[in-house]
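Number of protein chains: 6
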Amino acid sequence: MALVKPIEYKDASPRVRAVYDDIMKTRGTDWINNFWKVQANDPANLERMWRNVKDVMAPGALDPLVKEMVYVAVSATNGCEYCTYSHTAAARKKGMTDAMFMELMAVVGLANETNRLANGLKPEVDPPFKLDPQFK
Amino acid sequence: MALVKPIEYKDASPRVRAVYDDIMKTRGTDWINNFWKVQANDPANLERMWRNVKDVMAPGALDPLVKEMVYVAVSATNGCEYCTYSHTAAARKKGMTDAMFMELMAVVGLANETNRLANGLKPEVDPPFKLDPQFK
Amino acid sequence: MALVKPIEYKDASPRVRAVYDDIMKTRGTDWINNFWKVQANDPANLERMWRNVKDVMAPGALDPLVKEMVYVAVSATNGCEYCTYSHTAAARKKGMTDAMFMELMAVVGLANETNRLANGLKPEVDPPFKLDPQFK
Amino acid sequence: MALVKPIEYKDASPRVRAVYDDIMKTRGTDWINNFWKVQANDPANLERMWRNVKDVMAPGALDPLVKEMVYVAVSATNGCEYCTYSHTAAARKKGMTDAMFMELMAVVGLANETNRLANGLKPEVDPPFKLDPQFK
Amino acid sequence: MALVKPIEYKDASPRVRAVYDDIMKTRGTDWINNFWKVQANDPANLERMWRNVKDVMAPGALDPLVKEMVYVAVSATNGCEYCTYSHTAAARKKGMTDAMFMELMAVVGLANETNRLANGLKPEVDPPFKLDPQFK
Amino acid sequence: MALVKPIEYKDASPRVRAVYDDIMKTRGTDWINNFWKVQANDPANLERMWRNVKDVMAPGALDPLVKEMVYVAVSATNGCEYCTYSHTAAARKKGMTDAMFMELMAVVGLANETNRLANGLKPEVDPPFKLDPQFK
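Line by line, the protein sequences are chains A, B, C, D, E and F. Just so you know, my numbering puts 1312 at position 94 of the first sequence, and the rest follows in order with no gaps. Just so you know, my numbering puts 1247 at position 29 of the second sequence, and the rest follows in order with no gaps. Just so you know, my numbering puts 1332 at position 114 of the third sequence, and the rest follows in order with no gaps. Just so you know, my numbering puts 1350 at position 132 of the fourth sequence, and the rest follows in order with no gaps. Just so you know, my numbering puts 1302 at position 84 of the fifth sequence, and the rest follows in order with no gaps. Just so you know, my numbering puts 1270 at position 52 of the sixth sequence, and the rest follows in order with no gaps.
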């Protein structure tokens, strides 16, 4: 059960409805997921967070499917249940197959493993890793 | 300073050298980074971890550059300094530009933000997210 | 389901009941929440943890409501479900309104975002941040 | 060393300088910290993140000092070095004393402790915690 | 509900059944837990992960029960629900009593607490901690 | 550099010195590490935390070396640099060899990996894991 009351479309203020309408239009869906319904308790933050999601997840230097898979990778690393379900669904909608999902999880698992081997054994960062091309 | 002594090539046993040789051959480089030099204190684990990295990071359903960027995303989320430096360098070598890196970080940041908004406000997972295409 | 059996008041030893009684008296309630009932499987640790909570959460240089909101912030960051529910309830009891909770979560989300932008882009710590007033 | 080149004011585009100017004006300082200088490699994200920080950290239902201390609490929980230094400095500037800082850290430490006791022993969430006043 | 379809023994390919058979034989059980059934969507990764678990958790310089308790400690720290249940069950099977479990959790809780006190107050690493016996 | 001034023995109040004396006596050393010197800015918390460490890390149902290795496992998982150095040193002092340390890290790495595979693929917790012996 959510810790604040989810705001349904029928109960929403015009300001909240405007965001809900834009979410549905942008996504080509006819419903609002609960993440936004709880954010709607603070209309200014709802607007702000939706603008952030729209801006960051728009096509750019990276492909939208790649971005969505990165989102799943972070959510699984953090153990966020809601986000893992919602962004896995979003990634599937954008074309992620079972094979891609399984391979993504293999990378996420391995990265979490070697992150701790490095944290625990404390190898020094090799100087070449600090001499990246962008500084030349 | 590392918490176990890094094993240099010249001091390594034939078993460890065999892994070092394969790392350099696979990567087309002539040096071994410190992560592997500390792992070499346990030759069986060195072999095991290198085999894991080779298998998981090989081309498959996902592009090698995408995998490397997912690795960076996980490492930044976990705050692993060594891994962030080493995998950012690896991703650049595979073609990640500054624009791609900045956009990757924007997604990582946003995912970490919304993960906590979901963790804290506790919206229920929407039923449609549990009805994914793979079950149909 | 808990991984150890929760100890109910009627089944508790006098040593455990003494802690339970103090919890209820301190909080002005007539029931014990499950966190303490599982801790009660180790009476020495139950006493120790309750003493810690009592000492740390008592009024001091910080306001009790501020402390409780910090507790919620940490629990959401870590994704601890039990703690998010219990400390949000505690914070509401101490006066946290919906508006305060939503604003708290906005700060928690933003901090988790910029933490990863810093972890991933690795800006150097600016020298002025290391010259704090307490050293003058 | 940062993983992208920090952009100094003298080398910045007018778009980036406009954000830098607003940061300095808002904070009443005459320098830009490295977090923003690395963000400046992506001007759109620089603008977006600065707007987020300005909006979220502005006075509202919570006191600015409380917000800054919550930021420190999250940063210490996540182990973000840059953020811990920068937001502790910011909190001191807003009035956090040594006594307040030590007490804040005591709460952060305790919350991280009990979060794991709950994660490991898995007490059920008590029903009263799900019957919060906002639903009445 | 899992995000990929769990593969039951009766529906499994010979390659997957071979791993399932080895898991049951190694553990002396007649059933497969869901972790492996979801991994089975990627037979190569199923083989790889089972080989890793078998190799790493085998008796060596550390006692198998100690290893299992370390697994529980990590899982509780990360807040992984599935892993906390499965590895606590495995540790009990290997001899962990309630008293040992409660004491383990007390260490896990304390370590998570002092980790954040160190992250937040930033004491310098004392030079003697960097002069470990293995370098002499 | 620490975020509060470390309190040296010569500058310490009698209350702080009493804790320092007990730390050195308990550990059989003639120096105080920086973790305690920063805690000493809050004498009540210094006393409290030292009492917690003494109580939790004392011999009990678990061996002191096992407890110290669990501490290292948690610290590496969380990426706490100070704690990883200090508790690895403590574990070595209590008898941890290089072979034990390498094996410990292999378990820590694997647990962090499978924790994320479970977080991301979301297998249901198998009912037998919820039917533990302590409930019979």
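In this text, a Cβ means the ideal position worked out from N, Cα and C, and glycines have one as well. Note that the structure is predicted; figures quoted are calculated from it, not measured.
Legend: CB atoms of the region 1297-1317 of chain A lying less than 8 Å from CB atoms of chain E belong to residues G1297, T1302, Y1303, T1306, D1316, A1317. In this structure, B:K1312 is the residue among B:M1267, B:A1258, B:K1312, B:R1233 with its C-alpha nearest to the C-alpha of B:D1281. A residue is called buried once 16 or more other Cβ atoms fall within 10 Å of its Cβ, and B:A1276, having fewer, is exposed. Chain B has a Cβ within less than 8 Å of the Cβ of E:K1348.
Contact annotation: F:Y1300 and E:P1345 have beta-carbon atoms that are not nearer than 8 Å.
Comparing alpha-carbon positions, the option among B:R1269, B:M1320, B:K1348 lying closest to D:Q1257 turns out to be B:M1320. Secondary structure remark: continuous alpha helix (DSSP H) runs of at least 4 residues inside the region 1226-1250 of chain F, in chain order: 1232-1245.
The Cβ atoms of C:S1293 and D:A1294 do not sit closer than 8 Å to each other. The beta carbon of A:N1251 does not come within 8 Å of any beta carbon belonging to chain F, so the residue lies off that interface. C:R1310 is the residue among C:R1310, C:G1297, C:A1317, C:V1326 whose C-alpha sits nearest the C-alpha of D:F1347. Taking 8 Å as the CB threshold, E:N1333 stays off the interface with chain B. Shortest Cα-Cα distance from F:N1263 to any of C:V1271, C:L1264, C:W1254 involves C:V1271.
Taking 8 Å as the CB threshold, B:S1293 lines the interface with chain A.
If the five residues before and after D:P1261 are omitted, its C-beta is found closer than 6 Å to the C-beta atoms of R1233, V1234, all from its own chain and listed in chain order. Under the three-state reduction of DSSP output, C:P1341 falls in the coil class, being neither helix nor strand.
Out of A:L1221, A:S1231, A:N1333, A:D1273, the CA that lies nearest to the CA of A:F1253 is found in A:L1221. With a threshold of 16 other beta carbon atoms within 10 Å, F:G1246 falls short and is exposed. Secondary structure of E:D1281 (DSSP, three-state): coil. If you draw a straight line from the Cα of D:T1315 to the Cα of C:A1291, it comes to about 21 Å. In the structure shown, E:M1323 adopts helical secondary structure according to DSSP, grouped into three states. Proximity to B:A1308 across B:K1223, B:N1251, B:E1226 peaks at B:N1251, based on C-alpha coordinates.
Per DSSP, B:V1222 lies in no alpha helix (DSSP H) and is assigned neither H nor E.
For D:V1222, the chain B residues whose C-beta falls within less than 8 Å of its own C-beta are D1316, F1319, M1320, listed in chain order.
Close to E:R1266, with beta-carbon spacing below 9 Å, are these residues of chain B in chain order: R1269, N1270, D1273, V1274. Interface with chain C (8 Å Cβ-Cβ cutoff): B:K1340 is included.
Measuring C-alpha to C-alpha distances from C:E1286 to each of C:M1267, C:D1248, C:L1322 identifies C:L1322 as the nearest. Judged by DSSP secondary structure, E:D1273 falls within the alpha helix (DSSP H) whose first and last residues are 1261-1275. Per the coordinates, the alpha-carbon of D:V1326 lies some 10 Å from the alpha-carbon of C:V1274. Separation of the CB atoms of F:N1259 and E:C1298 is rounded to 35 Å, and the pair is thereby denied contact status at 8 Å. Residue environment: E:A1230 is assigned as buried (16 or more neighbouring CB atoms within 10 Å of its CB, all protein chains considered). Chain-order list of chain D residues neighbouring C:G1278: E1321, by C-beta distance under 7 Å. Taking the Cβ atoms as the reference, C:V1237 lies roughly 31 Å from D:V1284, outside the contact range of under 8 Å. When the beta-carbon positions are compared, A:N1296 and B:N1333 come within less than 8 Å of each other.
Here the C-alpha atom of F:E1331 lies approximately 44 Å from the C-alpha atom of D:D1239. With contacts defined by Cβ atoms closer than 8 Å, F:W1268 and F:I1241 form a contacting pair.
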